[in-house]
Amino acid sequence: MKTLDNLTFDNRFVNALPADPIDDNFCRQVSGACYSRVQPTAVANGSLVAYATEVAQLLDLSQATCESPLFTQLFSGNQQVAGMDPYAMCYGGHQFGHWAGQLGDGRAINLGEVINTTGERWILQLKGAGRTPYSRTADGLAVLRSSVREFLCSEAMFHLGVPTTRALSLVLTGEKVMRDMFYDGNPKNELGAIVCRVAPSFIRFGNFEIFASRGENELLQQLVDYTIGTDFPNITFSGTASTEIMLKWFEEICQTTLTMIIHWQRVGFVHGVMNTDNMSILGLTIDYGPYGWLEDYDPNWTPNTTDAEGRRYCFGNQPQIALWNLTQLAQTLLPLINEVAPIQAILDNYWPAFETKWHTMMAEKLGL
646 MKTLDNLTFD NRFVNALPAD PIDDNFCRQV SGACYSRVQP TAVANGSLVA
696 YATEVAQLLD LSQATCESPL FTQLFSGNQQ VAGMDPYAMC YGGHQFGHWA
746 GQLGDGRAIN LGEVINTTGE RWILQLKGAG RTPYSRTADG LAVLRSSVRE
796 FLCSEAMFHL GVPTTRALSL VLTGEKVMRD MFYDGNPKNE LGAIVCRVAP
846 SFIRFGNFEI FASRGENELL QQLVDYTIGT DFPNITFSGT ASTEIMLKWF
896 EEICQTTLTM IIHWQRVGFV HGVMNTDNMS ILGLTIDYGP YGWLEDYDPN
946 WTPNTTDAEG RRYCFGNQPQ IALWNLTQLA QTLLPLINEV APIQAILDNY
996 WPAFETKWHT MMAEKLGL
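What follows is the structure, given as structure tokens:
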């Protein structure tokens, strides 16, 4: 086991990709960069609510380490250890079917990338640790109510066999955050909190979309090369990824995304906000916002009150929305691949593959 002081930080993302040249933390459009360096906002009185023992073990951390004052200080954003290099990622996205431009990590700050004793890469990300250059008009904070939901659901989904990001810790900040819980014009103060999320990568479809939308094809290629080389170890190449390599990569993204959706449908999970900026390049369930599970079977049900009229992201629509999102990613990659037919053939295989996996999953549920 390790202590917090001797974790091995690799931080390949910030070392390999271009940074925002502006160091000041104010909201702005960030061009020509994959991320902005930013420090978490210090909190008044951080206190540990809970930690996930299994996730701590992934990081080689003992129970005593997780219950130490330093652990609480680190994951409330008040302190750092050697090797941490905090940053927020730049990305865009389609929200409810419409291009929204630059979005980015508005209330998420990556502390660094830890390499554990088995060689696995785990990124530590604080959600609710303050403003970043991508916060727009928001405060970058989170409340206990939503943070508890994310902490518990991340671990519940993992144990349900669903591909997902994990959660290491839940910390109270000792401060109040103003939120309109029911969106009825009656905001109230709530307890502030921070969740430390853990995943091999937090790269989303939107990370690629933002560069394609701006015509920054050289940067797009750089991010593609980095992502394949770092997060897809079964695909080997040297230098710049060829068309053949990128097509193989895109096909794997389609398969892992499809697998995730099959698992969602298996357990009756509804994500609620399947925007392209909430789609993991690794096929992981990410960004637990207004999620929920079906009670009775209702394919039109959504937990998202802002989607109550259109129901774009209801339970029954999730498979086709996943394909729609994959199509947006395909369009993003076209400037690099320059061939429509092979990428269209991969997309055309989505529904036949879905039907096969769906029937296999349903048969298994029935013990057949």
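The opening position of the sequence shown corresponds to residue 646 in my numbering, with each subsequent residue numbered one higher.
Built from N, CA and C at the ideal position, the CB exists for glycine as well.
Does residue i pass the burial test, meaning 16 or more other C-beta atoms within 10 Å, or should it be called exposed?
i            : result
residue 863  : exposed
residue 1013 : exposed
residue 656  : buried
residue 1010 : exposed
residue 905  : buried
residue 722  : buried
residue 792  : buried
residue 827  : exposed
residue 770  : buried
residue 718  : buried
residue 750  : buried
residue 919  : buried
residue 979  : exposed
residue 942  : exposed
residue 739  : buried
residue 883  : exposed
residue 731  : buried
residue 844  : buried
residue 744  : exposed
What are the start and end residues of the alpha helix (DSSP H) that includes residue i?
i           : result
residue 871 : 862–876
residue 908 : 888–912
residue 851 : 850–858
residue 699 : 698–703
residue 995 : 995–1010
residue 717 : 714–720
residue 709 : 708–711
Select from the options the residue whose C-alpha is nearest the C-alpha of residue i.
i           : options             : result
residue 950 : 713, 1010, 829, 769 : 829
residue 811 : 939, 866, 838, 699  : 699
residue 938 : 923, 952, 911       : 911
residue 923 : 941, 913, 970       : 970
residue 664 : 868, 693, 694       : 868
residue 987 : 958, 944, 920, 896  : 896
residue 798 : 995, 943, 933, 999  : 933
residue 982 : 967, 968, 874, 865  : 865
residue 755 : 658, 695, 801       : 658
residue 660 : 753, 710, 941, 729  : 729
residue 914 : 960, 773, 801       : 960
residue 785 : 762, 801, 823, 888  : 823
residue 903 : 957, 670, 857, 997  : 997
residue 848 : 697, 898, 941, 989  : 898
residue 907 : 775, 1005, 667, 682 : 1005
residue 652 : 916, 758, 962, 678  : 758
residue 858 : 977, 789, 801       : 977
residue 697 : 803, 821, 853       : 803
residue 621 : 675, 693, 741, 676  : What is shown of the chain runs 646 to 1013, which leaves residue 621 out entirely.
residue 676 : 691, 666, 682       : 666
residue 748 : 727, 762, 763, 781  : 781
Less than 8 Å between the CB atoms is what I'm expecting for residue i and residue j, so what's the real figure, rounded?
i            : j           : result
residue 647  : residue 715 : Between residue 715 and residue 647 the Cβ distance is about 13 Å, and since that is not below 8 Å, they are no contact.
residue 760  : residue 846 : With 8 Å as the limit, residue 760 and residue 846 do not qualify as a contact, their Cβ atoms being about 13 Å apart.
residue 685  : residue 733 : Contact flag wrong, Cβ pair sits at about 10 Å.
residue 930  : residue 807 : 6 Å
residue 736  : residue 855 : 5 Å
residue 967  : residue 813 : Not confirmed; about 27 Å, so no contact.
residue 836  : residue 817 : 6 Å
residue 783  : residue 752 : 7 Å
residue 973  : residue 850 : 7 Å
residue 1018 : residue 841 : Missing from the structure shown is residue 1018; the chain here goes from 646 to 1013 and no further.
residue 901  : residue 927 : 6 Å
residue 838  : residue 773 : 6 Å
residue 984  : residue 888 : 6 Å
residue 834  : residue 825 : So it is not a contact: roughly 11 Å between Cβ atoms.
residue 916  : residue 963 : 7 Å
residue 1008 : residue 992 : Contact doesn't hold; Cβ gap of about 26 Å is too wide.
residue 695  : residue 892 : At roughly 43 Å, the Cβ-Cβ gap does not stay under 8 Å, so residue 695 and residue 892 are not in contact.
residue 945  : residue 776 : 37 Å between Cβ atoms; not a contact.
For the beta strand (DSSP E) containing residue i, list its first residue and its last residue.
i           : result
residue 834 : 833–844
residue 681 : 680–682
residue 981 : Counting along the chain, residue 981 falls outside any beta strand (DSSP E), though it belongs to the alpha helix (DSSP H) covering 963–982.
residue 800 : Here residue 800 belongs to no beta strand (DSSP E); instead the alpha helix (DSSP H) covers 789–804.
residue 657 : No beta strand (DSSP E) holds residue 657; the alpha helix (DSSP H) holding it covers 657–661.
residue 740 : 737–740
residue 818 : 811–824
residue 733 : 732–734
Confirm the yes/no value for this check: CB of residue i, any heavy atom of the ligand HEM, distance under 6 Å.
i           : result
residue 861 : Within the structure as shown, the ligand HEM is missing, as the structure has no ligands at all.
Quick check for students: name the residue ranges of the beta strand (DSSP E) that lie wholly in the region 745–787, counting only runs of 3 or more.
Segments of the beta strand (DSSP E) lying fully in the region 745–787: 753–760, 766–772.
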